[in-house]
Amino acid sequence: MDPNSPVQPQPLTPLQSERLLLRPATSDDAPALAAMLAEPEVARWWGPTDVEGVREELATQPAFVIVIDGETAGWLQINEESDPEYPSVAFDIALTTKHQGSGYGPEALRTAIAHFIDRGHHRFTIDPATGNERAIR
């Protein structure tokens, strides 16, 4: 790959790992994602939101839905930088309380990172709140 050519953002496609599926989020996912974001342990880091707010984010920000055993278990937002000097991806991730602490967050991130490495990216960031020890781990 020419280091001066831009990394071309491409539509998200489903990604499968050992225990979970990352699939492109759609506006139909807004109710389930809003319900997850309203869980007290999730809301404390994400703040208040509603179904329409989630729909607006989905319309402007690429994202995966994290699916575990056929159930919506989380949200992985993607901010893909295509500037050839800064080919990077920033992630925001949230998991339902039920699925926290089981390694699903790191697994989802590893799966997405492997995919974006194949697309020419070499820098990845996630910026949890400083008090969110679970996310920092």
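Residue numbers (the numbering used here): 241 to 377. Glycine is no exception: its CB is placed at the ideal position from the N, C-alpha and C atoms.
Quiz prompt | Nearest candidate by alpha-carbon position, reference residue 376, set 346, 354, 362 | solution = For the purposes of this step, residue 376 is taken as the residue at position 136 of the sequence shown. The candidate whose alpha carbon is nearest that of residue 376 is 346.
Practice problem: Output the boundary residues of the alpha helix (DSSP H) element that contains residue 300. | Solution: As a position in the sequence shown, residue 300 is number 60, starting the count at 1. Element bounds for residue 300: 291-300.
Quiz item: So is residue 326 buried or exposed if we call it buried at 16+ other beta carbons inside 10 Å?
Solution: Taking the sequence shown and counting its residues from 1, the one referred to as residue 326 is at position 86. So residue 326 ends up on the exposed side.
Exercise. Since I believe residue 334 is in contact with residue 318 (beta carbons under 8 angstroms), could you give me their beta-carbon distance rounded to a whole number of angstroms?
Key: On the sequence shown, residue 318 is found 78 positions in, with the first residue counted as 1. On the sequence shown, residue 334 is found 94 positions in, with the first residue counted as 1. The pair is not a contact, with the Cβ atoms about 13 angstroms apart (cut-off 8 angstroms).
Exercise. Report yes or no: do three or more beta-carbon pairs, one from the stretch 338-353 and one from the stretch 299-314, lie closer than 8 angstroms?
Key: yes
Practice problem: Work out the CA separation of residue 351 and residue 330 for me, nearest whole Å. | Solution: To locate residue 330, count along the sequence shown from 1; it is residue 90. To locate residue 351, count along the sequence shown from 1; it is residue 111. Spanning the two alpha carbons is a distance of roughly 14 angstroms.
Quiz prompt | Neighbour-count burial assignment, residue 299, 16 or more Cβ in a 10 Å radius | solution = On the sequence shown, residue 299 is found 59 positions in, with the first residue counted as 1. With fewer than 16 Cβ atoms within 10 Å of its Cβ, residue 299 is classed as exposed.
Quiz item: When the Cβ atoms of the stretch 357-376 are set against those of the stretch 276-288, are three or more pairs found closer than 8 angstroms?
Solution: Touching, per the Cβ criterion.
Exercise. Would you tell me roughly how many angstroms separate the C-alpha atoms of residue 241 and residue 294, rounded to the nearest one?
Key: On the sequence shown, residue 241 is found 1 positions in, with the first residue counted as 1. On the sequence shown, residue 294 is found 54 positions in, with the first residue counted as 1. Residue confidence is low: residue 241 scores 47 on pLDDT, short of 50, so the model does not pin down where it sits. Its coordinate-derived value is still stated next. Between residue 241 and residue 294, the C-alpha separation is close to 36 angstroms.
Exercise. Taking only runs that begin and end inside the stretch 319-374, name each unbroken alpha helix (DSSP H) of 4 or more residues, in chain order.
Key: For the stretch 319-374, whole alpha helix (DSSP H) runs of length 4 or above, ordered along the chain, are 344-358.
Quiz item: For residue 321, which residues from the same chain have a beta carbon less than 6 angstroms from its beta carbon, with the 5 sequence-adjacent residues on both sides left out?
Solution: As a working mapping, residue 321 is identified with position 81 in the sequence shown. For residue 321, where only same-chain residues beyond five positions count, the Cβ hits under 6 angstroms are 328.
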